[in-house]
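J.: Following this message is one structure expressed as structure tokens.
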Amino acid sequence: MAAQMNMLSNVDLSTANTLRLPCQAERFAAPATLSTLRETLATARRQGWPVTLLGGGSNVLLPKTLSGLVVCPALNQWWLSQHQGHVLAHVGAGVNWHRLVMATAARGLWGIENLALIPGSCGAAPVQNIGAYGVELADTLQAVQVMELATGRIEWLDAQQCAFGYRESIFKGALADRVVITQVVLRLSRTPTPRLGYGDLAIRLAGSSTPTLSPTPLAVAEAVCAIRREKLPDPHELANAGSFFKNPLVPDAQAAQLLQPYPAMPHFPQEGGQTKLAAGWLIDQCGLKGMRDGAFGVHQQQALVLVHFGGGDRQGLMKTADYIADQVETRFGVRLEPEPRLINPN
Ligand code: EPU
């Protein structure tokens, strides 16, 4: 069977995850069409192999060994269509997210330009509702196509059904390990809609080589890239998974209490009586920026990013992460939670 032929055994995934955690997969397949994906899943079901889904590997904490079958969808096509004054981008799960951002921005399309340089694949983007510089995937997402693991059936979800929240979605909840995301449909626009309110994005654009009051989506994407390159380590040079911790949500009253001794603490009131705090700031205040603990450490420029210098594994990383979370909890009474997904926790 074709799907069987494309299956590899004993695959080293240490370069398939941006944290470069050692991981040996018993079997690995990267189906490039819906029918091969369906066949691959059917084979796994027949053989009783547990299936682990992997995208670009930029937001996962992999264990040393993964038994069963790792499936990495290689659906690499994307195309545009017109719909009620919008431009819809239909994007296969395997397309690289950053390449999509730059390609649509270069075509003058607005919508995802603030999400430039986020690593990973388009199929993984809805799972944690990727977000940066005041924009989340949820803002432009029209629909997600999924294949049910148990049946191979194709289903469509609209944005509401995806139950998006801050770094959250149904794909982490009720549909976790039940579906493979095969395609995302994004609603883009030719009408200028720059969103420059976050941080120093507007200042950065004004100071660019071609300052203008009406920037192009490409200029915004390039400004975002420049800011990210300054703060976030390139995973090709220093292994990392972007923000390691989520920014914690605390009740407004707790934030108000913390603001008394720490009036400069960054805080962002949300709906529902909650305030978002900056995990990077909390870690930084504990004096942990740049700290090293064996194979792992806290990035010099951004305390929210944990880096892997080499030679460590997930257990070591979680030890370092727990130490950091303990320090923050002792000082601020707030427990930080990892942002990347723990694959096969035990
Ligand atoms: N801060 C410090 N010290 C640090 C890091 C941050 O004091 O070491 C302060 C900053 O000065 C700022 C505040 O904390 O006042 C927030 O920092 P920043 O604007 O850099 O954003 P962030 O909260 O650290 C979040 C996302 C990033 C995203 C940026 C920009 C999360 C967990 N992280 O980071 O997402 O790129 O905003 O929108 O929500 C990712 O998810 O992997 C990621 C990189």
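Numbering that gives the first Met the number 0 applies: residue 0 is where the sequence shown begins, and numbers increase by one. Here a beta-carbon is modelled for each residue, glycine too, at the ideal position from N, C-alpha and C. On a predicted model such as this, the values are computed, not experimentally measured, just so you know.
#1: How should Q144 be labelled, buried or exposed, when 16 other C-beta atoms within 10 angstroms of its C-beta is the threshold for buried?
#2: Quick one, are the C-beta atoms of N113 and V223 less than 8 Å apart?
#3: Since P268 sits in a beta bridge, which residues does DSSP pair it with?
#4: Could you tell me which whole alpha helix (DSSP H) segments of length 4 or greater appear in the region 19-74?
#5: Is it true that the CB of A302 sits closer than 8 Å to the CB of G279?
#6: With hydrogens ignored, establish whether the beta-carbon of N246 is closer than 7 Å to any heavy atom of the ligand EPU.
#7: So is H82 buried or exposed if we call it buried at 16+ other beta carbons inside 10 Å?
#8: State the CB to CB distance for the pair Q76 and G91, rounded to an integer number of angstroms; the pair is presumed to be in contact (CB under 8 Å).
#9: Using only CA atoms, which one of Q284, K245, L12 lies nearest to A131?
#10: Is the CB-CB distance between A43 and V50 below 8 Å?
#11: Q314 bridges to which residues according to DSSP?
#12: Taking only three categories from DSSP, how would you classify N95?
#13: Kindly give me the distance between the Cβ atoms of L140 and C121, rounded to whole angstroms, as I take these residues to be in contact under 8 Å.
#14: State the DSSP-derived secondary structure class of P262, mapped to helix, strand or coil.
#15: Using a Cβ-Cβ cutoff of less than 6 Å, which residues in the same chain neighbour T64 once the five nearest sequence positions on both sides are dropped?
#16: Beta-carbon within less than 7 Å of M290's beta-carbon, same chain only, minus the 5 sequence neighbours each way: which residues are those?
T.: A quick look at the data gives this:
#1: buried
#2: Their beta carbons are under 8 Å apart, which means N113 touches V223 by this criterion.
#3: T274
#4: 33-46
#5: yes
#6: yes
#7: exposed
#8: 5 Å
#9: Distance check between A131 and each of Q284, K245, L12 places K245 closest, using alpha-carbon atoms only.
#10: yes
#11: DSSP, once it has assigned bridges, lists no residue as partnering Q314.
#12: strand
#13: Contact doesn't hold; Cβ gap of about 11 Å is too wide.
#14: DSSP, read as helix, strand or coil, puts P262 in coil.
#15: Q23
#16: G296, V297
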